[in-house]
Amino acid sequence: MSEPRSKARPRHRRSRTALAVGVPLALTAAGTFAYGTDLGVLGSSVQQASAAAPTWAADTADGFASVNSLGQNGTYGGRGGQIVTVTTQAELEKYATATQPYVIVVAGTIAMNPVGKEIKVQSDKTIVGRGTAGHIVGGGFFLGQGVHNVIIRNLTIRDAYQGIWNDKDHDFDAIQMDGAHHVWIDHNDLRHMADGLIDVRKDSTNVTVSWNKLSDNNKTFGIGWTANVKTDITIHHNWIRETEQRNPSTDNAAHAHLYNNFLEDAPGTAIKSAYGNYSRGGTKMVLENSLFQGVKNPVIKDSGAAVVQRGNSFSGTSGRNESGGTAFDPKTYYPYSLDKATDLPSVLKAGAGPRASVGTTASTKAAAATTLTVAQDGSGQYRTVQAAVNAVPANNSSRVVIAVKPGTYRELVKVPSNKPHVTIQGTGGSRKDTTIVYNNASGTPKPGGGTYGTGGSATVAVEADDFQARNLTISNDFDEKANQSLNGHQAVALRTAADKVFLDGIIVSGDQDTLLLDTAAKDKLGRVYVSNSYVIGNVDFIFGRATAVIDRSVITLKKRWNGTSAGYIAAPSTAANRKGFLIADSTVNGDVSAGSFYLGRPWHAGGDASLDPQATVRNTNLSNAIKSAPWTDMSGFSWKDDRFAEYKNSGAGAGPASTNRPHLSDAQAANQEVADWLAGWTPSAS
62 MSEPRSKARP
72 RHRRSRTALA
82 VGVPLALTAA
92 GTFAYGTDLG
102 VLGSSVQQAS
112 AAAPTWAADT
122 ADGFASVNSL
132 GQNGTYGGRG
142 GQIVTVTTQA
152 ELEKYATATQ
162 PYVIVVAGTI
172 AMNPVGKEIK
182 VQSDKTIVGR
192 GTAGHIVGGG
202 FFLGQGVHNV
212 IIRNLTIRDA
222 YQGIWNDKDH
232 DFDAIQMDGA
242 HHVWIDHNDL
252 RHMADGLIDV
262 RKDSTNVTVS
272 WNKLSDNNKT
282 FGIGWTANVK
292 TDITIHHNWI
302 RETEQRNPST
312 DNAAHAHLYN
322 NFLEDAPGTA
332 IKSAYGNYSR
342 GGTKMVLENS
352 LFQGVKNPVI
362 KDSGAAVVQR
372 GNSFSGTSGR
382 NESGGTAFDP
392 KTYYPYSLDK
402 ATDLPSVLKA
412 GAGPRASVGT
422 TASTKAAAAT
432 TLTVAQDGSG
442 QYRTVQAAVN
452 AVPANNSSRV
462 VIAVKPGTYR
472 ELVKVPSNKP
482 HVTIQGTGGS
492 RKDTTIVYNN
502 ASGTPKPGGG
512 TYGTGGSATV
522 AVEADDFQAR
532 NLTISNDFDE
542 KANQSLNGHQ
552 AVALRTAADK
562 VFLDGIIVSG
572 DQDTLLLDTA
582 AKDKLGRVYV
592 SNSYVIGNVD
602 FIFGRATAVI
612 DRSVITLKKR
622 WNGTSAGYIA
632 APSTAANRKG
642 FLIADSTVNG
652 DVSAGSFYLG
662 RPWHAGGDAS
672 LDPQATVRNT
682 NLSNAIKSAP
692 WTDMSGFSWK
702 DDRFAEYKNS
712 GAGAGPASTN
722 RPHLSDAQAA
732 NQEVADWLAG
742 WTPSAS
């Protein structure tokens, strides 16, 4: 973890209001330790205090809409905002044009008045149809300059058509954006509009258009209308049928990634295709595993544009089919997996467009693969863990278990934000039998220039919600002694930046900055529950801004590379009015000198004075390695201005309350239970 430069900070106090949940723990038998000190039978369950939000309210985009840029880390819409249901145009306009985040559920047919009206959507919105009932008739949506973080899903937007096929007078689009960014258009049915179905104009960027039906229109999908080459866009798994032009037309896009789209011009119909995918101006286009059926001029390009084709299929097409130039590698920006082009008719006829249950966004054949096996000797489906992660369908709606056979897997693993509900589980008899390990550090040079930085050094990086890991070891074995000339020895074993992360029965091992518990964004909740596990390190080795519980686990202190004993366990970077770190019913031990370790210190990442770091250590056995004054300042920020406390700890490292060692009262401790941290989430093995 990089320490921020010193920065003056006003002294402040905050209320310690608990979250709405405050139920006690109920202990159940869940397993025993298989490493180090045996603490006996472990496990817990927490009462569900409130109904979970619908699954679609927590979904995030894939493709370029998931890329961190322009100050926006991914596209998650109104997640975290109020969920409202609308049935009238007035209600829809009220919430869509509001400045605060909303998840807006369209629960019926809304006829726009006047015809052609486009509601001016503001930032941080999810607009989603309830089942297949959400229809917008005779109008659509407009996203203006600077509007960002918008999701439009599961809607039918239709019938603004004014009786003139190539209509020059009625600019009535289903979805139009001028200068917007981070927009996800997913699982919609867009048809029969006066002008375009989708227009991505005037430097709009970080857009993903996925799993839509686009049909019965003259101009389908226009991108560009600017001399600047800025737009980054991903277009995948769309069924485009009975449309004439702009399928899409892509003008001056910096990066246009089109894959697994099905373009169909059925015989015997009045609508005839003029062209399919068009790369114009300075566009760099990568076109992969798409199917063109009966389309005239399926792929065309301007002389200055690029089209790189891979794996496409053409049936009954005629006219121009062009490629050439150099483009880019989409996998340097985000992960993705491909369906076979020839499978697309069945995949998209089953999966594109509004769904009765939102969240079923992957192909039906891929969704059936609920267990993937990994073995180095080739006896599994995959030889590496990352290969199995890559095989998980994007936006999978159900649990996928990656079962990893015993062995040492020296690799980097990333679970991207568009692959939730993943479990990585060792299949050996002990958590030591299966190890994922690598040795990047913050200062390790990256191929192509620069260094990895602290977060980028992680052996395993988890950005997907509802992730679980169990019965394995995740390690960073960076050799500090051998790399003394390297600037930046922070070396993360596991980084989480997601919500509802359950780490059960694992070992996380490293030296400095072992376990980074983060969130997807500063203003986003990221709950992590660690149980029956070991965390090993020496400097700030449990750190980040997540709302995290270390429960009934062992925190093992280790000496530094030169044999000295000195360190810090926790370095929370909690946002104000959020819960930080809770260490409960655990043990702190290790072969280090007495009085050499702090319980923690406040990390104000980037010198941010608005943060309010929190760490509570309760009902935990502390070895004599813990200092009698267990908290300390960091980079000019006093721990006394933040939230650090103990409650009923034991062992040689425990001590009485004092000004340098605050203890919670019984009343305060009642609001700092595990359930308060989890806030209605009940972790359960799956």
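Here the sequence shown is numbered in this note's numbering, starting from 62 and rising by one per residue.
Note that CB positions come from ideal geometry on N, CA and C, so glycine has one too.
Span of the beta strand (DSSP E), counted from its first residue to its last, around residue i
i           : result
residue 128 : Segment: none, residue 128 is in no beta strand (DSSP E) and carries neither H nor E.
residue 676 : 675–679
residue 736 : Looking at the DSSP string, residue 736 is not in any beta strand (DSSP E); the run it does join, the alpha helix (DSSP H), is 735–739.
residue 179 : 179–181
residue 431 : Element bounds for residue 431: n/a, residue is neither H nor E.
residue 650 : 648–650
residue 564 : 562–565
residue 436 : Careful: residue 436 lies outside any beta strand (DSSP E) and carries neither H nor E.
residue 166 : 163–167
residue 537 : 534–537
residue 687 : Careful: residue 687 lies outside any beta strand (DSSP E) and carries neither H nor E.
residue 468 : 468–471
residue 460 : Taken as a continuous stretch (DSSP letters only), residue 460 belongs to no beta strand (DSSP E), as it is neither H nor E.
residue 757 : Past the boundaries of the shown model lies residue 757; the chain is included only from 62 to 747, so the question cannot be answered.
residue 645 : 642–645
Whether residue i touches residue j by CB criterion (8 Å)
i           : j           : result
residue 375 : residue 267 : no
residue 600 : residue 647 : no
residue 455 : residue 394 : no
residue 547 : residue 502 : yes
residue 609 : residue 658 : no
residue 261 : residue 292 : yes
residue 589 : residue 558 : no
residue 238 : residue 200 : no
residue 340 : residue 357 : no
residue 198 : residue 204 : no
residue 606 : residue 579 : yes
residue 460 : residue 488 : no
residue 577 : residue 530 : no
residue 180 : residue 164 : no
Limits of the alpha helix (DSSP H) - the one that residue i falls within
i           : result
residue 727 : 727–731
residue 411 : 405–412
Residue i (DSSP reduced to helix, strand or coil)
i           : result
residue 114 : Its pLDDT being 43, under 50, residue 114 is placed unreliably in this model, and the value from its coordinates should be taken loosely. Note: residue 114 maps to coil in three-state DSSP.
residue 547 : coil
residue 172 : strand
residue 156 : helix
residue 453 : coil
residue 489 : coil
residue 702 : helix
residue 515 : helix
residue 542 : helix
residue 476 : strand
residue 446 : helix
residue 748 : No answer is possible for residue 748: the residues shown for the chain start at 62 and end at 747.
residue 426 : Reliability of the predicted coordinates at residue 426 is poor, the pLDDT of 34 falling under 50, and the value obtained from them is presented with this limitation in mind. Helix at residue 426.
residue 746 : coil
residue 194 : coil
residue 661 : strand
residue 33  : Because the chain in this structure spans residues 62 to 747, residue 33 falls outside the shown range and cannot be described.
residue 150 : helix
residue 135 : coil
residue 709 : coil
residue 482 : coil
residue 528 : coil
residue 277 : strand
residue 189 : strand
Test: residue i CB closer than 8 Å to a CB of chain C
i           : result
residue 341 : The displayed structure is made up of one protein chain only, and chain C is not part of it.
Exercise. Enumerated in chain order, which unbroken segments of the alpha helix (DSSP H) with a length of 4 residues or greater are wholly contained in the segment 286–360?
Worked result: none
Problem set entry | Touch test, the segment 479–494 against the segment 456–463, Cβ-Cβ under 8 Å, three pairs minimum | yes
Problem set entry | beta strand (DSSP E) runs contained entirely in the segment 203–272, provided each spans 3 or more residues | 209–214, 217–219, 236–239, 242–247, 250–252, 257–262, 266–271
Exercise. Does the segment 491–508 come within contact of the segment 564–571, defined as at least 3 CB pairs closer than 8 Å?
Worked result: yes
Problem set entry | At least 3 beta-carbon pairs within less than 8 Å: the segment 264–284 vs the segment 143–161 | no
Problem set entry | At least 3 beta-carbon pairs within less than 8 Å: the segment 432–442 vs the segment 403–412 | no
Exercise. Just checking, does the segment 305–319 make contact with the segment 338–354 on the three C-beta pairs under 8 Å criterion?
Worked result: yes
Problem set entry | Runs of beta strand (DSSP E) lying entirely within the segment 568–640, each at least 3 residues, in chain order | 568–570, 576–579, 588–592, 595–598, 600–605, 608–612, 615–618, 628–633
Exercise. For the 8 Å Cβ check, are there 3 or more pairs between the segment 681–700 and the segment 709–716?
Worked result: yes
Problem set entry | alpha helix (DSSP H) segments (min. 4 residues) lying fully within the segment 360–408 | none
For this session: Pair every Cβ in the segment 440–455 with every Cβ in the segment 233–249, then say whether three or more of these pairs are closer than 8 Å.
Result: no
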